[in-house]
Structures are given as structure tokens and as C-alpha cells.
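Take a look at the structure below.
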Amino acid sequence: MPVALIPAARVHAELLAALHKVCFAAPWSVAAMGELLAMPGAAGLIAVAEDSLVPAASGSGPCGLVLWRAAGGEAEVLTIAVLPPWRRAGIGARLLDAAMAGARAAGAEAMFLEVADGNAAAQALYAGHGFAAVGRRRGYYADGDAVVMRCGLLAPKGDLV
Ligand SMILES: CC(C)(COP(=O)(O)OP(=O)(O)OC[C@H]1O[C@@H](n2cnc3c(N)ncnc32)[C@H](O)[C@@H]1OP(=O)(O)O)[C@@H](O)C(=O)NCCC(=O)NCCS
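In the working numbering, the protein residues as written are 91 to 251.
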């Protein structure tokens with residue numbers, strides 16, 4: 091099924107929070123989503139299955155999100171997630187590609203993110219896009235450490251620079 095990536099705005103805060111809640115044990119509130127998108131340099135995308143334009147279609151609709159922020163020549167992935175039924179279909183990769191391109195277009199030369207130590211799926215996604223571990227934040231999450239990953243953005247597809 092075709093999936094479109096739609097720019098996220100503050101008006102989408104409720105939808106973003108609903109998507110986030112399905113995907114994370116510590117969900118972000120509607121207010122937090124609105125505040126994130128109001129930050130200078132913040133941007134986001136919502137993945138939408140295009141068949142959701144057909145009212146009777148089942149299993150379609152908003153299915154993923156990515157939020158990032160670019161400032162001072164650096165960027166950070168704030169969150170990225172795909173609803174469980176839609177995973178392993180390339181949507182996370184498309185969202186990350188788009189976030190990296192958006193950050194690069196905003197002048198960022200490198201992108202950073204934090205990922206839970208045991209989150210093998212996300213770490214594989216990031217490694218496949220050129221991210222490499224550069225540090226660790228102990229106790230960053232309620233249930234464990236975060237791995238800090240970095241990717242240079244000056245070369246296509248996030249090759250290390
Ligand atoms: C991480 C996440 C966004 C990946 O989304 P996705 O749409 O399933 O990812 P894709 O289908 O685009 O996969 C891209 C690559 O990521 C890696 N990957 C994704 N899911 C994986 C899994 N369960 N196990 C191992 N590798 C995985 C693979 O390298 C995959 O490439 P391949 O399919 O060619 O092998 C999704 O699993 C998710 O929403 N997880 C919960 C939220 C989360 O942990 N977000 C990250 C927080 S830091």
C-alpha cells in the first residue's frame with residue numbers, strides 16, 4: 091500500500107501523541123508534542139497510508155511519525171516510530187531518510203539521537219543509515235541506558251564524514 095509522508099504541524103499534536111502512545115512505554119502528551127513542534131528548528135513528518143483516503147478502507151491511516159530538530163549546525167532525532175502492523179515495510183527507513191534530508195537542508199552537518207541499549211530494531215535501522223555509537227547515557231531511560239549515536243550529514247545517505 092502506498093504511504094505518503096505528510097509534514098507535521100502543531101495542529102497534529104493529538105494525532106502525534108496517539109501514535110507515540112502506541113509505540114512507547116513512556117508516551118508524550120499532546121501538550122508536549124505541541125511544545126516540541128513549536129521549538130525553533132523543529133520539524134516532523136507523519137506517515138499516512140494513502141488508502142486511508144478511502145473511507146471504507148481497513149487497516150489504513152496514519153501509521154508512523156518522526157520528529158527532529160536542527161539548530162546550530164547539528165540535528166537531533168527527537169522520536170521516530172511506526173505502528174506495529176506497519177513495521178518491516180520500509181516506513182521507518184523512509185521517515186529517517188526524510189528527517190536526515192530535512193536536517194541537512196536546514197544546515198545541519200551531523201545528526202544525533204539516543205536509543206535504548208536493548209532496542210535492536212532501532213539500532214539496526216540507525217546503523218543502516220550511517221549512524222555509529224559515540225557515547226552512552228547511564229540511566230537515561232527508566233529501565234536502562236541510552237546509546238548516543240551520530241551520523242554525518244554532509245555526504246549522501248549519511249555516510250560518515
Ligand atoms: C524502529 C522502528 C521505527 C523501525 O520501523 P520499521 O518501519 O519497522 O523499519 P523498516 O521496515 O524501515 O526497517 C529498516 C531497517 O531497520 C532494521 N530493522 C527494523 N526492524 C527490525 C527488527 N525488528 N529487527 C532487526 N532489525 C530491524 C533493519 O535493518 C531494516 O532493514 P531490512 O528490513 O532491510 O532488514 C520500529 O520498529 C518502531 O517503531 N519501534 C518502536 C519505537 C522505537 O523503538 N523507536 C525508536 C526509538 S530510539
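All residues carry an ideal CB built from backbone N, CA and C; glycine is no exception. Computed from a predicted model, the values in this text were never measured in an experiment.
Given the structure, does residue i come close to ligand 1, in the sense that its CB is under 7 Å from one of the ligand's heavy atoms?
{"i": "residue 181", "result": "yes"}
{"i": "residue 210", "result": "yes"}
{"i": "residue 133", "result": "no"}
{"i": "residue 171", "result": "yes"}
{"i": "residue 138", "result": "no"}
{"i": "residue 113", "result": "yes"}
{"i": "residue 227", "result": "no"}
{"i": "residue 194", "result": "no"}
{"i": "residue 218", "result": "yes"}
{"i": "residue 126", "result": "no"}
{"i": "residue 205", "result": "yes"}
{"i": "residue 245", "result": "no"}
{"i": "residue 214", "result": "yes"}
Below 6 Å CB to CB, which residues in the same chain sit around residue i once its five sequence neighbours on both sides are set aside?
{"i": "residue 160", "result": "131, 193, 196 and 198"}
{"i": "residue 182", "result": "172 and 215"}
{"i": "residue 176", "result": "153"}
{"i": "residue 223", "result": "237 and 239"}
{"i": "residue 169", "result": "157"}
{"i": "residue 91", "result": "139 and 141"}
Please name the residue or residues paired with residue i in a DSSP beta bridge.
{"i": "residue 241", "result": "201"}
{"i": "residue 231", "result": "234"}
{"i": "residue 125", "result": "BP columns for residue 125 are empty, so no partner."}
Can you give the beta carbon distance from residue i to residue j, rounded, assuming they're within the 8 Å contact cut?
{"i": "residue 238", "j": "residue 228", "result": "Contact flag wrong, Cβ pair sits at about 11 Å."}
{"i": "residue 200", "j": "residue 164", "result": "6 Å"}
{"i": "residue 109", "j": "residue 185", "result": "Rounded, the Cβ-Cβ distance is 11 Å, inconsistent with contact."}
{"i": "residue 231", "j": "residue 211", "result": "That belief does not hold up - the Cβ atoms of residue 231 and residue 211 are roughly 16 Å apart, past 8 Å."}
{"i": "residue 166", "j": "residue 114", "result": "In fact, because the Cβ distance is near 17 Å, the residues do not count as touching under 8 Å."}
{"i": "residue 208", "j": "residue 234", "result": "7 Å"}
Excluding the 5 residues preceding and the 5 following residue i in the sequence, name in chain order all residues of the same chain whose CB lies nearer than 7 Å to its CB.
{"i": "residue 123", "result": "103, 106 and 107"}
{"i": "residue 133", "result": "158 and 192"}
{"i": "residue 118", "result": "107 and 110"}
{"i": "residue 126", "result": "132, 157 and 168"}
{"i": "residue 100", "result": "124, 127 and 128"}
What first and last residue would you give for the beta strand (DSSP E) that runs through residue i?
{"i": "residue 132", "result": "132-139"}
{"i": "residue 95", "result": "93-97"}
{"i": "residue 168", "result": "164-172"}
{"i": "residue 208", "result": "Per DSSP, residue 208 belongs to no beta strand (DSSP E) and is neither H nor E."}
{"i": "residue 161", "result": "152-161"}
Need the endpoints of the alpha helix (DSSP H) that residue i sits in, please.
{"i": "residue 252", "result": "Limits of the chain in this structure are 91 at one end and 251 at the other, which puts residue 252 out of reach."}
{"i": "residue 107", "result": "103-113"}
In chain order, what residues of the same chain have a beta carbon less than 8 Å from the beta carbon of residue i, not counting five sequence neighbours either side?
{"i": "residue 121", "result": "103"}
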